[in-house]
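Taking it in order: structure first as structure tokens, then the write-up.
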Amino acid sequence: MRDDTNHRSGNNVEAARGDGRSDINAVLHLDTARLWKLMNTPRPVDPHSARAALLMLLVVYAVAGVVRYDPQVGAFLGIRLTFGLYVLAGAVWVHRLDWQRTRFFQMGLTLFLAMTTAYMEAVRGYHLSDLALSALTTFVPLIFLFAAKDVLTMSAALLVGHALILQFAPPSGITASAAALVLGSATAAGAATAFVLATYRAGMMQSREWWRQACERERALRACAALGMTQGDLNWVADELARLMIATLADCRCLVLLAEASAPGWRIAAATGVESELVAALQSAPPPPALLDLAGRLVRQGTAPMQRELDSIQRHSLSRKLPAGFFGRFLVALPIVVDDAVGGAVLLTADEQRSVDPNLLELWRAMASQVGQAIGKTRLLARLQQALNAKNEFVNTMSHELRSPLNVIIGYSEMLEDGGADPQFTAGRIRASALELLLLIENTMSAARLGAGKVRVQTEEVDVGSVFSDIADVVRTLPEAATRAPIEWKADAALPRLRMDRLKLKEIIQNLVVNALKYAPGSPIRVSAFQAAGQLRLEVQDHGPGIPAEAQTRIFEMFERVEHAEGASPAGAGLGLYIVKSLVTLMGGSLDLESQVGVGSTFIIHLPLTIDGSDTSAAKTEAPSEQMAVGY
Ligand code: ADP
Numbered sequence: 005m006r007d008d009t010n011h012r013s014g015n016n017v018e019a020a021r022g023d024g025r026s027d028i029n030a031v032l033h034l035d036t037a038r039l040w041k042l043m044n045t046p047r048p049v050d051p052h053s054a055r056a057a058l059l060m061l062l063v064v065y066a067v068a069g070v071v072r073y074d075p076q077v078g079a080f081l082g083i084r085l086t087f088g089l090y091v092l093a094g095a096v097w098v099h100r101l102d103w104q105r106t107r108f109f110q111m112g113l114t115l116f117l118a119m120t121t122a123y124m125e126a127v128r129g130y131h132l133s134d135l136a137l138s139a140l141t142t143f144v145p146l147i148f149l150f151a152a153k154d155v156l157t158m159s160a161a162l163l164v165g166h167a168l169i170l171q172f173a174p175p176s177g178i179t180a181s182a183a184a185l186v187l188g189s190a191t192a193a194g195a196a197t198a199f200v201l202a203t204y205r206a207g208m209m210q211s212r213e214w215w216r217q218a219c220e221r222e223r224a225l226r227a228c229a230a231l232g233m234t235q236g237d238l239n240w241v242a243d244e245l246a247r248l249m250i251a252t253l254a255d256c257r258c259l260v261l262l263a264e265a266s267a268p269g270w271r272i273a274a275a276t277g278v279e280s281e282l283v284a285a286l287q288s289a290p291p292p293p294a295l296l297d298l299a300g301r302l303v304r305q306g307t308a309p310m311q312r313e314l315d316s317i318q319r320h321s322l323s324r325k326l327p328a329g330f331f332g333r334f335l336v337a338l339p340i341v342v343d344d345a346v347g348g349a350v351l352l353t354a355d356e357q358r359s360v361d362p363n364l365l366e367l368w369r370a371m372a373s374q375v376g377q378a379i380g381k382t383r384l385l386a387r388l389q390q391a392l393n394a395k396n397e398f399v400n401t402m403s404h405e406l407r408s409p410l411n412v413i414i415g416y417s418e419m420l421e422d423g424g425a426d427p428q429f430t431a432g433r434i435r436a437s438a439l440e441l442l443l444l445i446e447n448t449m450s451a452a453r454l455g456a457g458k459v460r461v462q463t464e465e466v467d468v469g470s471v472f473s474d475i476a477d478v479v480r481t482l483p484e485a486a487t488r489a490p491i492e493w494k495a496d497a498a499l500p501r502l503r504m505d506r507l508k509l510k511e512i513i514q515n516l517v518v519n520a521l522k523y524a525p526g527s528p529i530r531v532s533a534f535q536a537a538g539q540l541r542l543e544v545q546d547h548g549p550g551i552p553a554e555a556q557t558r559i560f561e562m563f564e565r566v567e568h569a570e571g572a573s574p575a576g577a578g579l580g581l582y583i584v585k586s587l588v589t590l591m592g593g594s595l596d597l598e599s600q601v602g603v604g605s606t607f608i609i610h611l612p613l614t615i616d617g618s619d620t621s622a623a624k625t626e627a628p629s630e631q632m633a634v635g636y
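Below, the structure written as structure tokens:
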């Protein structure tokens, strides 16, 4: 792609400098080709004023015919009547006169009036007073011609016509050369006046168009500002933006790309001039690679707009999935800045390459920025809504999860009070429920601190074997271990002593083992640690119910749980795996799950062999006393 942004914008900046006269210059300055085009541009015909003018001409012509009646030239009556009928027909059917028909009618009028007058004067035998009148009829109709090319055609036709009249019906009152001089200069004066008028009209048209566009742009900016205040569906916002953008530039098309908020990637959010079914399909599919490439360039470029001339290959590859020829030679790409980063792009394209007025570029940037604000606001609201839902979910889950062990504790304490229950058994049940409560509260606190980014890694020398035996001691006392499921602890003897956060490593493994005991009651469990590819690889494997593929990603999110096929699932708040995943990430590692329903699950963790707390970028600082309080 040829990048001429700097070159152009440099010129534009120059043009925009100075005393603010650049706009006026843009209105007044017309290059020859553009001027000629404007002088021949179709313009609407007002039928009422055209009819009034034709009727007035008819009256004046009739009065002149009566005043200048000459019994010897009664033969001219036919010509006069024909001309009168021609004008009358024009006045009657004026509503049917579109731009083309008006032109032809007017050319006929010009020729008819000037030539018949000249002919009649020649037949009569010119004398000086008649000559002036004849010259006037040649001159006047020319200046009413609308299109500049018609002025040229008619001037040539009049010159040839007059030459023929002077040749075949020469005047007797004056010499033919004097008559040719007067009629020739009248035609030339008429042509010159008509051209000046056409130029003036063209200038007026241009300035009217300029004001129309200025109003249109101001309206678009105001509408965009209003859009910036709303928080609607993002596709609707994008669609509105595209619609407003194309109102600011003639014959252009617009495409809006948005960066996904949650995952990396872009999507087409809106496109003008494209069937709504196709837009819906485009919105849900990834954009063509060329568009992604363009979006990537915009992100690298920052907030500056990009102006390009596209060659046919680029046009073709960008238009993939879109209607053929959607992208033309002209392309302006404007980044949409959302929350201080490029979060979208507006692509404006047209068939013809054109230079963009710096004011227009500024307007587009302002519009894109307003929409960026709208998108930012919409996303913020979505996040707030999500947080609110999470909070509600948390309150619901916690109240439910707290109630069951508390009810057990209350029930068994009442039984103890009544003295009817076996004290040893009852105390065991009370202890198990209290431990369940404690775990729930600890998990909740851990999740809250992790979510707030308030946890940091503290490294020390770690022997994985001793970590395993610590966990085994703890797990043995837990109610989940009541099934006496065999647990195989296997730490590779070749493992070096590691530097990492011992407490976090313990919490990770313990959570996974407790889950295995909970969800695969009685099935053998295998916990192993060894070195693989320069990393510590930990595996916790069970032969329980397994986890369905659809849930294998979401169970690592807060409060996410799975109902297992067997029916009643053990109690839980859906925090364990979220904590495990967060801790592994904090320690710079990765967590994978291999699971098959009915076969079992293996949680696989890779951790760097040395984790230095001070190097862990995800770690956040906080007062040491607070960290100690929860063991982080
Ligand atoms: P909790 O156990 O408190 O519900 P977790 O975050 O630890 O929350 O687990 C989330 C979900 O993942 C559980 O509801 C459970 O369905 C599933 N799960 C976790 N570990 C296993 C496992 N070893 N086997 C089968 N399902 C599991």
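If you count by the numbering used here, then the sequence shown holds residues 5 to 636, one letter each, in order. By construction, the Cβ of each residue, glycine as well, lies at the ideal position given by its N, Cα and C atoms. All values derive from a computational prediction rather than experimental measurement.
Residue closest to residue i, alpha-carbon to alpha-carbon, out of the options
i, options, result
"residue 483", "88, 434, 454 and 97", "434"
"residue 493", "467, 518, 530 and 465", "530"
"residue 67", "371, 602, 506 and 84", "84"
"residue 600", "152, 545, 227 and 41", "545"
"residue 568", "554, 579 and 562", "554"
"residue 333", "255, 139, 396 and 348", "255"
"residue 209", "338, 46 and 316", "46"
"residue 315", "62, 305 and 335", "335"
"residue 500", "292, 535, 377 and 89", "535"
"residue 79", "128, 168, 511 and 407", "128"
Burial state of residue i (16 or more Cβ within 10 Å)
i, result
"residue 515", "buried"
"residue 585", "buried"
"residue 29", "Since pLDDT at residue 29 reaches only 44, below the 50 mark, its modelled position is unreliable, and the value read off the structure follows with that caveat. Answer is exposed; the Cβ neighbour count stays below 16."
"residue 166", "buried"
"residue 440", "buried"
"residue 488", "exposed"
"residue 23", "Here residue 23 scores only 39 on pLDDT, less than 50, and its place in the model should not be relied on; the value that follows carries that caveat. Residue 23 should be labelled exposed."
"residue 228", "buried"
Bridge partner(s) assigned by DSSP for residue i
i, result
"residue 493", "531"
"residue 338", "350"
"residue 544", "531 and 607"
"residue 433", "DSSP, once it has assigned bridges, lists no residue as partnering residue 433."
"residue 612", "539"
"residue 272", "261"
"residue 504", "464"
"residue 62", "DSSP output for residue 62 lists no bridge partner at all."
Residue i versus residue j - alpha carbon distance
i, j, result
"residue 143", "residue 120", "14 Å"
"residue 472", "residue 495", "8 Å"
"residue 541", "residue 402", "34 Å"
"residue 451", "residue 326", "46 Å"
"residue 604", "residue 550", "4 Å"
"residue 244", "residue 264", "19 Å"
"residue 202", "residue 150", "7 Å"
"residue 273", "residue 241", "9 Å"
"residue 330", "residue 287", "16 Å"
"residue 32", "residue 211", "Because the pLDDT at residue 32 is just 47, under 50, the model does not fix this residue reliably, and the point stays unresolved."
"residue 97", "residue 71", "29 Å"
"residue 526", "residue 428", "24 Å"
"residue 295", "residue 347", "14 Å"
"residue 53", "residue 73", "30 Å"
"residue 506", "residue 547", "28 Å"
"residue 140", "residue 48", "28 Å"
"residue 426", "residue 411", "18 Å"
"residue 169", "residue 175", "9 Å"
Heavy atom of ligand 1 within 7 Å of residue i beta-carbon
i, result
"residue 479", "no"
"residue 582", "yes"
"residue 564", "yes"
"residue 605", "yes"
"residue 265", "no"
"residue 451", "no"
"residue 475", "no"
"residue 513", "no"
"residue 550", "yes"
"residue 602", "no"
"residue 348", "no"
"residue 638", "Because residue 638 is not part of the residues shown, which for the chain are 5 to 636, the question remains open."
"residue 522", "yes"
"residue 391", "no"
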